[in-house]
Amino acid sequence: ARGIRAWTENEIPHEITTNVGTARQHVRLLLAHFLSVEGQLAPDEPYTVLEIGGGLGRFVRNVFHALDALPTYAGRQPTESLEDLARFSRRLRYVFSDMSARSLAEAAGSPDLEPLVSAGRVVPALFDVRTPEQLVFLDGAPVLAPGERLSAVIANYVVCTTPVRIVQRRSSLPSPDGAAKRGRSKKATWFEAWVETAVEAHDDSVIGDGVAQEILGDPTRKDLMPDLLASIELRPIGKSGTADGFSALHEALLERLLSPWGTATVAYPTSFVDAVLALGSTMVPGGLFAVSDLGRGEEKELSGEQLPAPQHYGNTLNHVINFGIFDALATETSSGAIRTRGYLPSIFQAAWTHGRPLPARVKDTFQAHFIDSHEGHELLDLTEAANDASRNQAFHRSTRLFEKALALDPLSPRLHYLLGESCVHSGHYELARDILRRGYDLDERKRFDFDFLLGRVYASLREHDAALEWLHLSLSRELHPMTLTNIAEVHRLQNDFDGAIRYYNRALVIDPEYEHAKNRLDDLKETWWKERLAGIA
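Structure, rendered in structure tokens:
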């Protein structure tokens with residue numbers, strides 16, 4: 013309901029699943045899958061990818077950013093031939109979807125996506141996992157014409173946001189061989205958590221109409237969910253040894269997932285599993301699913317009676333997903349699967365080919381770029397470490413770290429800006445000039461004030477005319493006292509004291525308490541008088 017503000021105002025975490033490193037991993041996975049199923053596509057049939065829950069659109073933007081850069085990327089693998097990349101790029105049809113018409117329209121019209129949409133490389137569509145048979149354009153027309161098929165589905169930070177059923181299986185004994193069996197266990201009892209939401213009021217004895225009206229009056233307002241309280245109650249479902257109320261596949265999947273642990277509990281994404289089954293029927297044989305989400309990597313974490321607590325992201329309640337679910341789903345649907353494991357990753361990832369064994373090329377690519385290495389994590393870790401070093405004024409270290417980050421995202425204006433700024437602070441002015449000029453050219457939307465930093469760099473290099481030119485460009489972006497003070501400093505270096513005084517005074521008109529301008533102006537006045545007096549003598 014809040015549109016793309018939920019992402020731009022950082023209510024919903026997305027950087028780990030949308031950055032260029034993560035996008036490049038997915039490009040490589042999609043390329044490997046395309047080469048594995050290319051022979052199944054008709055000569056004029058596109059390789060159609062559906063992204064579920066696209067949100068702000070940064071992931072799809074970075075997918076094409078990474079795809080277009082991969083031919084010249086220093087880390088391109090020998091298996092990623094230029095011919096294969098060109099063929100993949102030509103046949104790729106990317107369906108960017110969201111369940112919110114508002115979010116979809118805002119994202120599709122954003123400066124990042126509008127050129128891709130206009131060029132036909134990205135197709136905006138409405139899709140809700142609760143009604144997976146409906147994949148439509150904003151005008152309601154179906155995206156897939158009769159006979160058209162999907163080739164791959166990507167879901168980043170989606171599964172944890174879908175409706176779940178919290179299920180608990182209680183048994184005194186785990187499955188004898190430690191592996192689940194098909195069918196119902198007669199020794200198990202099943203329970204489901206029922207959630208009740210309530211309004212938190214200052215006076216528990218009186219809840220007037222105004223409280224509810226305040227909460228419901230603006231469903232798009234920020235931080236709506238923290239006003240609600242949730243309580244959970246476990247209730248028996250079905251009879252002993254059965255999970256009645258679930259389909260046969262759901263029941264078999266839950267039995268396979270939970271029975272090895274005796275008593276175990278799971279937040280089970282029923283709607284997403286149903287969507288996988290529905291989408292699988294519209295895909296080429298062995299269609300690819302790729303999931304990245306908030307989760308747990310080890311099935312043993314399902315053991316016990318503790319109920320998984322929901323988490324607030326924006327105006328939604330989300331549940332941590334145990335990725336063992338996807339192993340069980342793959343087994344129950346005769347699919348080949350591979351995924352990340354462990355305890356430390358900030359997200360977990362899985363891929364499977366629906367109804368078919370996992371092609372060796374897909375398996376090897378996932379192993380190399382999602383398990384053995386992870387450019388998305390590395391890019392974020394390097395950038396965060398570099399920012400920490402910069403905040404601690406360890407500028408030589410921050411410069412080295414930003415250089416490493418830029419190698420993973422060589423077309424990023426933001427990283428060029430941060431690296432250039434770090435070079436300025438560490439005194440590497442010629443390097444800063446080259447990096448900032450490249451970043452300025454890459455920053456087509458002019459989101460970063462390269463002008464100001466370049467003005468500082470040229471001043472430090474004693475190229476005063478160039479410094480003034482860049483600083484005045486920065487001043488046209490924003491009338492800021494710091495920029496005016498830097499212009500004054502350049503005039504001072506040129507021995508133009510009248511010009512320097514004029515710009516110091518302009519800075520103090522904007523901010524009379526700006527200490528740097530006050531101190532420099534006082535110092536200049538003293539210097540100016542000394543020189544005048546020396547001239548008289």
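The number in the working numbering is simply the position in the sequence shown, starting from 1, with 12 added. Backbone N, C-alpha and C fix where the C-beta goes; we use that ideal spot for every residue, glycine too.
The Cβ atoms of Ala120 and Gly51 lie no closer than 9 Å to each other. Ser472 is positioned such that its CB atom lies no closer than 9 Å to that of Tyr516. In terms of CA proximity to Leu356, His389 leads the group Thr365, His389 and Trp364. Under the three-state reduction of DSSP output, Asp110 falls in the strand class. As far as DSSP is concerned, Trp482 takes part in no beta bridge. Per the C-alpha coordinates, the member of Ile383, Leu125, Glu126 and Val165 positioned closest to Pro144 is Val165.
Boundaries of the alpha helix (DSSP H) harbouring Pro127: Glu126 to Ser130, taken from the DSSP string. If you compare the alpha carbons of Ala500, His484, Arg182 and Ala372 with that of Leu43, the shortest gap goes to Ala372.
A residue is called buried when at least 16 other Cβ atoms come within 10 angstroms of its Cβ; Asp510 does not meet this threshold and is exposed. One Cα belongs to Ser109, the other to Asp461, and the distance between them is close to 33 Å. Contact between the segment 526-546 and the segment 492-500 is present, with at least three C-beta pairs closer than 8 Å. Beyond the five residues adjoining it in sequence on each side, Arg40 comes within less than 6 Å, by CB distance, of Thr377 and His381 in the same chain, given in chain order. By the beta-carbon neighbour count (other beta carbons within 10 angstroms, threshold 16), His45 is buried. Less than 9 Å divides the Cβ of Gln180 from the Cβ of Glu204. Counted as a single uninterrupted DSSP element, the alpha helix (DSSP H) harbouring Glu27 occupies residues Glu27 to Thr30. Distances from the alpha-carbon of Leu392 to those of Asn404, Leu427, Gln361 and Arg368 put Leu427 closest.
The beta carbon of Phe301 is closer than 6 Å to those of Val165 and Trp364 in its chain, skipping five residues each way along the sequence.
In the DSSP secondary-structure assignment, Asp305 is bridged to Phe360. Nearest Cα to Asp535 within the set Thr282, Arg504 and Val521: Arg504. The three-state secondary structure of Val61, taken from DSSP, is strand.
Two segments are said to touch when three or more pairs of C-beta atoms, one from each, lie closer than 8 Å; by this definition the segment 68-88 touches the segment 31-38. Annotated three-state conformation of Leu138 is strand, per DSSP. Residue environment analysis places Arg102 among the exposed positions, since fewer than 16 neighbouring C-beta atoms fall within 10 angstroms of its C-beta. Around the beta-carbon of Gly451, 16 or more other beta-carbon atoms lie within 10 Å, marking it buried.
Of all alpha-carbon atoms in Pro369, Gly316, Leu266 and Leu162, the one lying nearest the alpha-carbon of Thr294 is that of Leu162. If you check the CB distance, Leu261 and Thr345 come in under 9 Å. Closest by C-alpha distance to Leu465, out of Ser488, Asp455 and Leu448, is Leu448. The continuous stretches of beta strand (DSSP E) do not include Asn404, and DSSP gives it neither H nor E. One thing to note: Val135 has its Cβ no nearer than 9 Å to the Cβ of Val170. The alpha-carbon of Asn404 is positioned some 15 Å away from that of Leu394. In this structure, DSSP gives Phe203 an extended state, which the three-state scheme calls strand. Nearest to Ala500 by C-alpha distance, out of Ala512, Asp508 and Gln506, is Ala512. Excluding five sequence positions before and after His476, the CB atoms of its chain that fall closer than 8 Å to its own CB belong to Tyr470, Val502, Leu505 and Gln506, given in chain order. Excluding residues up to 5 positions away in sequence, Tyr106 and Ala164 lie with their Cβ nearer than 6 Å to the Cβ of Val61 in the same chain. Excluding five sequence positions before and after Gly432, the CB atoms of its chain that fall closer than 7 Å to its own CB belong to Ala444, Ile447, Leu448, Gly451 and Leu465, given in chain order.
Per DSSP, Leu370 is not a residue of any beta strand (DSSP E), being assigned neither H nor E.
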